[in-house]
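Residues are numbered in the working numbering as their position in the sequence shown, beginning at 1, plus a constant of 10. Accompanying notes for the structure given below.
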Amino acid sequence: MARAFAERGANIALVDLDSKRLEQATEVLQLDESRVLTCCADTTDFASLESSAALTTGKFGGINVVCANAGVTGFLGPLEQGTNEDWNWIVDVNIKGTVNTIQATLPSLMKNAGDGHVVLTASISGLRVHKPGRGQGMYNTTKFAVVGFGEALSLDLEPYGIGVSILCPGVVKTDFSNAGKYRQEKFGGPHKESRDDFVLAKASASGTDPLVFGRWVIRAIELNQLIVVTHPDDRDQVAARHQRIMQAFDDSAKLESGPDMLQGSGTGS
Ligand SMILES: NC(=O)c1ccc[n+]([C@@H]2O[C@H](COP(=O)([O-])OP(=O)(O)OC[C@H]3O[C@@H](n4cnc5c(N)ncnc54)[C@H](O)[C@@H]3O)[C@@H](O)[C@H]2O)c1
């Protein structure tokens, strides 16, 4: 996304936990140093994001587009095998980290009312739980939350002319299957990939070129698309989910008709 924005002449502030990745990204961008800023920050640490936002506005005079993109795959496997530590890490990074990023940058974005845009990276996993299961229950939970946050945020920011786009991609060729190496000490420290990570690694190797994806994101901003679907593969699964929800509305009438349903069952459920 940074490369795609740079192609369009934007100044870029890169914010990441990993200083090496910041260096690599800066090299790839090949921008004059007046156009790029790097800030080492942890999205689970609000103060570090506030400092990054201050550095960015100090250097560039303001913020027009915020991409809340940092995220991790977290624990992969059946939910009953996940630990409290696993939950803390993925919830803090994928949900709280996304919220923190927006909260820390909103004051600056609001100054550009009418010309601002928020981009939240959710996932296709924020629109459906894959059937059969892929051991992504924790990831699904957090990405559904990002979609909900984005929808609420878009309503609240609309009066200010600030658009919101929620990215719901399929597989993009990145390093995301190695997210375990970024696990902070406070969440248990780095952990090794599991067998499931390996499956993901194979999938990500054949994913969309990130630069192509970044260009799609810019087009989505121009079109002010709220939900951004870039990969059509799971359309049927999303449609089936919506169908189940509509069916639940139709089934609501049944709830009124049968107190005797529970009578005599003895389960108290
Ligand atoms: N790659 C895909 O196929 C795919 C698909 C759907 C959604 N996503 C989402 O895209 C986003 C970006 O992931 P990616 O695919 O580029 O993976 P990636 O692992 O290559 O990049 C994630 C980046 O986030 C950084 N990061 C992790 N935790 C952080 C924290 N707490 N604070 C600051 N930086 C942190 C990492 O250092 C890394 O540079 C994530 O939200 C991911 O869930 C990716």
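All C-beta atoms in this analysis are idealised placements derived from N, C-alpha and C, irrespective of residue type, glycine included.
Roughly how many whole angstroms lie between the Cα atoms of residue i and residue j?
i	j	result
Leu27	Asn98	17 Å
Ile285	Asp102	In this structure the chain extends from 11 to 279, so residue 285 is not present and cannot be described.
Ser282	Arg254	Because residue 282 is not part of the residues shown, which for the chain are 11 to 279, the question remains open.
Ala114	Gly87	33 Å
Val174	Val129	6 Å
Gly124	Gly199	42 Å
Ala35	Val25	10 Å
Phe223	Arg18	14 Å
Lys191	His201	6 Å
Phe154	Ala132	8 Å
Ser58	Pro142	39 Å
Gly116	Phe159	Inspection of the sequence shows that residue 116 is occupied by Leu rather than by Gly. Rounded to whole angstroms, Leu116 to Phe159 spans 14 Å at the Cα level.
So, with DSSP's three-state summary, where would you put residue i?
i	result
Asp243	helix
Thr184	coil
Leu47	strand
Asp26	strand
Gly126	strand
Leu177	strand
Arg131	Correcting the residue identity first, residue 131 is Thr in this sequence and not Arg. Note: Thr131 maps to strand in three-state DSSP.
Val75	strand
Arg205	Low confidence applies to Arg205: its pLDDT is 49, below 50, so where it sits in the model is not reliable, and the reading given next is rough at best. Three-state DSSP puts Arg205 in a helix.
Skipping 5 residues on each side, what residues in its chain have a beta carbon closer than 6 Å to that of residue i?
i	result
Arg45	Asn21
Val139	Asn150
Phe70	Asn21
Ile105	Thr152 and Ala155
Within 10 angstroms of the Cβ of residue i, are there 16 or more other Cβ atoms? Answer buried if so, exposed if not.
i	result
Leu165	exposed
Met256	exposed
Pro242	exposed
Phe15	buried
Arg205	Low confidence applies here, because Arg205 scores a pLDDT of 49, under 50, leaving its location unreliable and the question unanswered by this model.
Phe85	buried
Leu38	Inspection of the sequence shows that residue 38 is occupied by Val rather than by Leu. That one is exposed.
Asp246	exposed
Gly68	exposed
In its own chain, which residues sit with a C-beta less than 8 Å from the C-beta of residue i, not counting the 5 before and 5 after it?
i	result
Gly147	Pro88, Leu89, Gly92 and Val139
Gln194	Leu27, Asp52, Thr54 and Trp99
Val109	Phe159
Between which residues of its own chain and residue i is the CB-CB distance below 7 Å, once the five residues before and five after are set aside?
i	result
Ile7	One cannot answer for residue 7 here, as it falls past the ends of the chain, which runs 11 to 279.
Pro220	Val182, Lys183 and Thr184
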